[in-house]
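Just so you know, the sequence shown maps onto residues -24 to -1, 1 to 285 in mature numbering (1 follows the signal peptide of the UniProt record, and there is no 0).
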Amino acid sequence: MRAKRRMLMLLSCLFLLLMAKIYFRGLQEEELQLSDWFNPRKRLDVITTTNWLAPVVWEGTFDRVALEKYYRKWNITVGLAVFAIGRLTDQYLDPFLQSASKFFMPGYRVIFYIMVDRHIQLPEVDYNPLQSFQIHTIGEERWWTNLDLIRMKILAEHIQEHIRYEVDFLFSMSANLVFQSEFGVETLSTSVAQLHAWWYFQKTSYLPYERRPMSAAYIPFGLGDFYYSGTIIGGVPFQVLDVAQEYLKGVVWDAENGLNSTYEKYLNKYFFLKKPTKLLSPEYCWDPTFNTPQQVWYMKIAQYPTDSL
């Protein structure tokens, strides 16, 4: 009788081990590995991997087919938030939305969050059942002179109230951008930072970090990795919320100490302390007024200076 029980227990244990092996093998197969879609050796002319092993996405380094195969299974929704008030609305919003509806995450569900200070009429775009537009009119805070402060405050509120329940990934972008080609799933990750088009090609010692020790944005001389642009941030909603909240805390800290810095410098301090998991090359946000270097194969987004549209 005891021998029979032992045999049954042994068979039960073997069955559980087999099921566990099948389960964990399934998890491994479902998890997207960096080597499945990213080949840094395809671009030896640029930095493709950081010293903390995060990929820097350039044209030619990624396998879109492998990425599409993975993300299609998860039926993801991606959010894109844009903030426009005053002349930002008049000059930039229509070209932004028209180009984004064509090139931002084609083939996936997208929610555009449009933060404006007055009633607007959406521009004419080709109908896409995967896309929806939410227009949110901001409150009576236009007396603030710091537009970045308003933008991050409003963005944080909307993420907490509803965005975090509606999308799997979220990008926040400046309004003065016009998409030129596909901005696809190769950009998705937990924490996404955009390399600055101008400062990427400069020496590290020249990077314009905040150098005043009392500031919340302070980065000492000799430290720092890259200079990140404030035009694009992304990641999972809670990560974008963390960026916004830490920026707001930094502004309050500096104000209490009689200091003031720029949004981009606070952002660079944030990514200095909390490294992004994916970096977008300057191809993803290039200023067309610059001479285009040979490293930039395709301009994904054009960043237009004020009054140029």
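Built from N, CA and C at the ideal position, the CB exists for glycine as well.
With 16 other Cβ atoms within 10 Å as the buried cut-off, status of residue i
{"i": "Gln270", "result": "exposed"}
{"i": "Trp28", "result": "exposed"}
{"i": "Glu259", "result": "buried"}
{"i": "Gln178", "result": "exposed"}
{"i": "Gly228", "result": "Strictly speaking, residue 228 in this sequence is Val, with Gly absent from that position. When all chains shown are included, Val228 counts as exposed."}
{"i": "Phe214", "result": "exposed"}
{"i": "Ile111", "result": "exposed"}
{"i": "Tyr47", "result": "buried"}
{"i": "Met190", "result": "exposed"}
Spatial distance of residue i from residue j (CA atoms)
{"i": "Leu285", "j": "Gln67", "result": "With a pLDDT of 46 at Leu285, under the threshold of 50, the predicted position of this residue should be treated as unreliable, though the coordinate-derived value follows. Roughly 7 Å between the two C-alpha positions."}
{"i": "Asp93", "j": "Gly198", "result": "42 Å"}
{"i": "Leu43", "j": "Ile96", "result": "36 Å"}
{"i": "Thr53", "j": "Phe147", "result": "12 Å"}
{"i": "Leu161", "j": "Glu232", "result": "What sits at residue 161 in the sequence shown is Val, not Leu. About 41 Å."}
{"i": "Ile23", "j": "Ile195", "result": "22 Å"}
{"i": "Phe155", "j": "Val58", "result": "13 Å"}
{"i": "Ser77", "j": "Tyr103", "result": "9 Å"}
{"i": "Thr166", "j": "Asn267", "result": "32 Å"}
{"i": "Glu137", "j": "Leu131", "result": "10 Å"}
{"i": "Asn15", "j": "Pro31", "result": "9 Å"}
{"i": "residue 373", "j": "Phe88", "result": "In the structure as shown, the chain begins at -24 and stops at 285. Residue 373 is therefore absent and cannot be evaluated."}
{"i": "Thr207", "j": "Trp262", "result": "10 Å"}
{"i": "Lys45", "j": "Ile277", "result": "25 Å"}
{"i": "Thr163", "j": "Lys250", "result": "18 Å"}
Cβ-Cβ separation, residue j to residue i (assumed contact under 8 Å), whole Å
{"i": "Ala173", "j": "Ser205", "result": "7 Å"}
{"i": "Tyr84", "j": "Leu106", "result": "7 Å"}
{"i": "Glu142", "j": "Gly55", "result": "7 Å"}
{"i": "Phe202", "j": "Tyr176", "result": "7 Å"}
Nonlocal neighbours in the same chain, by C-beta distance under 8 Å from residue i, ignoring five residues either side
{"i": "Gly200", "result": "Thr180, Leu183, Tyr185, Asn244, Phe248"}
{"i": "Arg1", "result": "With a pLDDT of 43 at Arg1, under the threshold of 50, the predicted position of this residue should be treated as unreliable, though the coordinate-derived value follows. Excluding sequence neighbours, Arg1 sits near nothing in its chain."}
Beta-carbon proximity list for residue i, same chain, < 6 Å, skipping 5 on both sides
{"i": "Asp144", "result": "Ile52, Thr53"}
{"i": "Ala169", "result": "Tyr204, Phe247, Pro252, Leu255"}
{"i": "Leu73", "result": "Pro99"}
{"i": "Trp273", "result": "Glu35"}
Cβ shell of residue i (< 7 Å), same chain only, five flanking positions each side left out
{"i": "Trp13", "result": "Phe38, Asp39, Ala42, Leu43"}
{"i": "Arg188", "result": "Tyr194, Leu235"}
{"i": "Leu125", "result": "Val227"}
{"i": "Lys241", "result": "Tyr185, Glu186, Ala193"}
{"i": "Glu222", "result": "Tyr246"}
Residue-chain proximity (residue i, chain E), Cβ-Cβ < 9 Å
{"i": "Tyr68", "result": "Within the model displayed, chain E is absent; a lone protein chain is all it includes."}
Item to check | Cβ contact (3+ pairs, closer than 8 Å) linking the segment 32 to 47 and the segment 59 to 68 | outcome: no
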